[in-house]
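Everything below concerns the one structure shown next.
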Amino acid sequence: MSVLRWGCGAGGLGRVLRSCGRRGLPAEEGTLGVGLGPRRSSSASPREQDLRKDWGHAELLEVLEARVRQLQAESVSEVTVNKVDVARLPESGGGGGSFQPPRKAQVGAKGAAPQPSGRWAEKLDKEKQTLQKRKQQLEMKLQVQAQRLSQKLKPKPLKMEPQLVRRQLADSLQCWAQGTPESPSEEQLAQALQKVPQKLSPKEEQALADREVEAQLTGQQQKLLAFFECCLLTDNLRLAHHVLVAHHGNPHKQQLLTLAMYNTIMLGWARQGSFKELVYVFIMVKDAGFSPDLLSYAAALQCMGRLDQHARTIQRCLEQMAQDGLQLQDLFTAVPLSEEERAALLRAIVKVQPTFSPPPRSPPQVNTSVLLREIYAKDGPVSYPKLHLPLKTLQGLFQQQLHMELTTSVYVESVEKAAVLTKERKTLKNLRVQWEAALHRALQETKASLARQAHKGRPTLYPFMCLLSEREFVQLLMQTLQALPAQGESLVCVAQELGRRAFSRHMVQKQQLNNQVQALEQRYTQYLHLLASDTQVAEPHLPRQYWEALGPPEVPQEKSFPLPVLLQLGRQLAEVLVQAVQMPRSPASPPGSCGLIPVLYHVYSFRSFRQIGILKPHPAYMQLLATAAEPTLTFETVDVPMLCPPLPWTSPHSGAFLLSPTKLMRSVEGTTQHQQLLECCPPAELHGALDTLTQLGNCAWRVNGHVLDLVLELFRDKGCSRLGVPPPPSEAPRPPEGRLPRDTPPAQKAELRRELARCLKVAREMHSLRTDALYRLSLAQHLRHRIFWLPHNMDFRGRTYPCPPHFNHLGSDLARALLEFAEGRPLGPHGLDWLKIHLVNLTGLKKRESLRARLAFANEVMEDILDSADQPLAGRKWWMEADEPWQALACCMEIARAVRTPDPATYISHLPVHQDGSCNGLQHYAALGRDSVGAASVNLMPLDLPQDVYSGVAAQVEVFRRQDADQGLQVAQVLEGFINRKVVKQTVMTVVYGVTRYGGRLQIEKRLREFSDFPQDLLWEASNYLVRQVFNSLQEMFSSTRAIQHWLTESARLISQAGSAVEWVTPLGIPVIQPYHQEAKFMVKGGIQSITCSKAWDSSQKPNTQKQKNGFPPNFIHSLDSSHMMLTALHCYRSMPLCCRKGLTFVSVHDCFWTHAADIAIMNQVCREQFVRLHSQPILQDLSAFLVKRFCSSPR
């Protein structure tokens, strides 16, 4: 019976409840009432019946209250209990229907009647049991789901045992896994080596041959190999083995595997001494049909040496190696191994062959070039210049540089005028704390997700995300965010820079973990004895030779990852940055009072008719950054000059910075053919280039503080475009404001759009120039009272460049004026005269006058020189009219200090004095073709007055113009009075570097536009006429130049059409290859944007014939130019007591050579001697012989 139906339904129950008097005491918890059965006839009186009825009602109330308390206590989520207000029964009897319910009998009491078990109690028990059962079922269900989820999230165990294709090897592996006594573990590698693979089918043999012969890996193979290598770098070897096993067991994916990938994993297990896993990989090599190479056997023997394996196993390994045609000696000469790896390898071999000894290290090879014979000859006394600093000072500078490179970042005070806005800076600081926490969480989640995917056998970015810790990645991302310009940066550039910097920082950390820093410190301290002013060495050496004598050659560092991998890693980091970094809509509002907006947006824009993805900062963030006006700039270590002498270049992968990896030959990221050529080149052939770069890097510099103060004064004011000091953004042109009326003509609207575009372009250019100047001046201020060095490397033609990009002597006039030699030298008897001549050269005046006339002119304007030095910004400002104003001002100050010294000859000068080439390209062409007329016009012949080839060409063009004008040619008549040196200079200068008639016409047209009175409607016709005459004039003056150019161009055309890139070797032995190929595209898919990149340097693509033939003549001349510079540098550095010549300071800006004023005469002599020696060689004949041997299969 239902509870509601009992007692005449719900209404009856309500009446009973309302009929109660005072509230009684609450029922005890757990009290059970008597169950009520079906209605029966009774002989009790009505009064007793009413009492029994009320008693039943009261018992029901107790049951309901107990039920309510039970449900509330159990808190079952599936049941909702409403609070019930229950009236209590009176405590004592009386009238008015009050009653006292009978007491319950005590259990076990004497004479107590047995208590009946009512149906309500049974029902409640049953419900309670049901609820408990349901609760248990729910808990079990949740537990099962949690276990399933944990199993799903838990990485699967990494698979070590491979799944083999060949039954014979699979049986051997199974037998070994079971560990049978007949096959002890020491015998397994020998057995695996003797398992000859079954004969492959012709199709399989061809496929395997294609895989082995193919020199250029596909994109997927590059990524897979990089994944394995990165796993070794980040101690994820088991994960790499797991992915290798997964790919090996998949017939489709196995086609991607190469022997280098198997060797990479084997080498990792060998270093850990894990013999079992190494055998797994060796068996997979056999199963894949590969033949182990030297690196495979080196890994196996190295592992045996670490574990002290049985001699019989080692013997069988050596026998199998001999059967494969590999020589034991080659393990120590052809395989790059560390000293520890060589020792382990030797232990294994000596156990079998006790008398074996590795081949002795070959003695240092000596360059045998005819041009460098004097440099490396030891048939007479020689010496080399030392630095002006003592050993203790140099050791302290080394510690500063080492600390700077270990921290990987340099913080520099900005020279920008900083406003005191502490509130905005505090807001930005608080936001950065939040961003760092958000980035840290996002990086952890990303790594966890990538790890789960990698455990499924997929080569993900997980090991690359382990290159640095989360904290270091956060620091890198925060620096990237701060450096983004207001207009944004392309995602490709951001991704490439992030990937490159992550790898570079990891390499620094790895050297620190491998104790290489301590070894470097000991070796460098010994090296400083060669350079310090207060120490001596037993025998003079070049820096490279001395460094090599201090210890064994360094093991090549790990190569950078392929460009697609760097882009993929960088894009992943950029994606984390975009998604994690947010800021309030109003940064000044209290936290949580307004919504959040992304700090970075990923948008698309068109540049050069191409749609590209851009990471653009929010304007609110840029405004906050501008108003905060933070006083600190952050630079990478490799972007800042060094505080100690650079490491000497000893190989294509070792030199320059102490820890940061640096390329000997700079190239576009992803280019490999240059590095491959250098590594294949005999080491001695590179000695000339290596020693030159070392010498250029060993030149100590300091900041010219007097010039820096003046530049900063202008920079912090409003700049000065005429002097090369960029104005601030506030000086940018403002676009017209206000809206145009609706009836504005379309022409006026188009003009307004052009004006807006012009203003935007100018503003962006001003921002770029201003930022460049800010970096340069901030670094100069940071280094004001320090001595620093500029490490050098070279491009593929051999031209040298300083590595730090922002502050060096290859920059503009302003950048050069800020630098001077840290070591000074007395002017001597002729130094002051050279300072004066140098000043006149900087002004651009007297170009065709003799040196004596230039010196006389300097003496005439001495009053202006001294006024410029004393009052540069308030005087007559004579220096501002010079072609190179800031260098002229620095020279004025140096002359003023020298002439005011009692004895100018004793004045210690630090100013570099330049000697520039006269159209250097034409000089080389004239020398190659033995062209006496052309040689005279470019100062290769002894003449009283210097010749100016540009003026000579202009004069020859004027002769042709007069002839045509006399014949009535209109354009020739119009050009009367407009032909001068400036009009033809750029075309003459660039014609030797491959400029075409089309490019030359544009150059001349630009010069003609500068004449306000020249008829603009004749610009095209006049420029076209003049470019023809310029080429004709050069043909008249340099008869052999065009013939040599034509031969070089035609040779390059034939070579490239045959499918090869043009190669040659410079006179100093540097191998050169032109990186011009057909454009190929590759895509890095996934993430916020799929990145599509075009590359024209992929050597697997066909050569670009047009670029190959147009680039060969200028690149060949550049390589000759660099050879001449290197010869001059090496001979200037070498002291020759027999010739009374002392080593001097030498640096260069391509064909412009710098030294102290006192040493100009010596440098001039060396420069001319080496030019003659260079062109005394049969350069063109040697080039022809090389091209025939290299590219002609059947030379005639």
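Here the sequence shown is numbered in the working numbering, starting from 522 and rising by one per residue.
Glycine residues also receive a C-beta, built at the ideal position from the N, C-alpha and C atoms.
Values in this document were obtained by computation on a predicted structure and should not be read as measured data.
Simplified DSSP assignment, three categories, for residue i
| i | result |
| --- | --- |
| residue 1143 | helix |
| residue 973 | helix |
| residue 932 | strand |
| residue 596 | Low per-residue confidence applies at residue 596: pLDDT is 44, beneath 50, and the placement is therefore not dependable, though the value from the model is reported in the following sentence. Residue state, collapsed to three classes: coil. |
| residue 1354 | helix |
| residue 1604 | strand |
| residue 1621 | coil |
| residue 1490 | coil |
| residue 779 | coil |
| residue 616 | In this prediction, residue 616 scores a pLDDT of 41, lower than 50, which makes its location untrustworthy; no coordinate-derived value is stated. |
| residue 533 | Residue confidence for residue 533 is low, a pLDDT of 38 falling below 50, so the modelled location carries little weight; the figure read from the coordinates is stated next. Correct three-state label for residue 533: helix. |
Span separating the alpha-carbon of residue i from that of residue j
| i | j | result |
| --- | --- | --- |
| residue 970 | residue 1289 | 40 Å |
| residue 1306 | residue 1053 | 20 Å |
| residue 1453 | residue 1708 | 28 Å |
| residue 814 | residue 781 | 9 Å |
| residue 1475 | residue 1551 | 8 Å |
| residue 1666 | residue 1162 | 18 Å |
| residue 1449 | residue 1696 | 7 Å |
| residue 1282 | residue 1255 | 12 Å |
| residue 548 | residue 640 | Residue placement at residue 548 is poorly supported in this model, since its pLDDT is 38, which falls under 50; the coordinates are not used for a value here. |
| residue 905 | residue 896 | 11 Å |
| residue 719 | residue 1603 | Caution is warranted here: a pLDDT of 43 is assigned to residue 719, below 50, making its placement in the model unreliable, and the coordinate value is therefore given only provisionally. Answer to the nearest angstrom: the Cα atoms are 38 Å apart. |
| residue 1612 | residue 779 | 27 Å |
| residue 723 | residue 788 | At residue 723 the pLDDT is 48, less than 50, meaning the model places this residue with poor confidence and gives no usable figure here. |
| residue 767 | residue 1124 | 38 Å |
| residue 1710 | residue 838 | 41 Å |
| residue 1699 | residue 1296 | 46 Å |
| residue 1506 | residue 933 | 41 Å |
| residue 1701 | residue 1451 | 12 Å |
| residue 1377 | residue 1410 | 19 Å |
| residue 923 | residue 1179 | 7 Å |
| residue 1390 | residue 916 | 37 Å |
| residue 1682 | residue 1459 | 20 Å |
| residue 1298 | residue 1292 | 10 Å |
| residue 1151 | residue 954 | 16 Å |
| residue 1149 | residue 1272 | 37 Å |
| residue 1070 | residue 1461 | 42 Å |
| residue 1347 | residue 1353 | 10 Å |
Element boundaries [alpha helix (DSSP H), containing residue i]
| i | result |
| --- | --- |
| residue 1044 | 1037–1052 |
| residue 749 | 740–754 |
| residue 1456 | 1453–1458 |
| residue 1022 | 1012–1034 |
| residue 1215 | 1208–1218 |
| residue 1085 | 1084–1101 |
| residue 1195 | 1194–1201 |
| residue 1530 | 1518–1530 |
| residue 1506 | 1502–1512 |
Cβ separation of residue i and residue j, assumed to be a contact under 8 Å, to the nearest whole Å
| i | j | result |
| --- | --- | --- |
| residue 1206 | residue 1553 | Between residue 1553 and residue 1206 the Cβ distance is about 42 Å, and since that is not below 8 Å, they are no contact. |
| residue 1379 | residue 1361 | 5 Å |
| residue 1562 | residue 1446 | 4 Å |
Start-to-end residues for the beta strand (DSSP E) that takes in residue i
| i | result |
| --- | --- |
| residue 1341 | 1340–1342 |
| residue 1224 | 1221–1224 |
| residue 1673 | 1673–1676 |
| residue 1669 | 1668–1670 |
| residue 1434 | 1434–1437 |
Whole beta strand (DSSP E) elements within the segment 1533–1588, 3-residue minimum
1584–1586
Which residue spans inside the segment 1239–1321 form an unbroken beta strand (DSSP E) run of at least 3?
1313–1315
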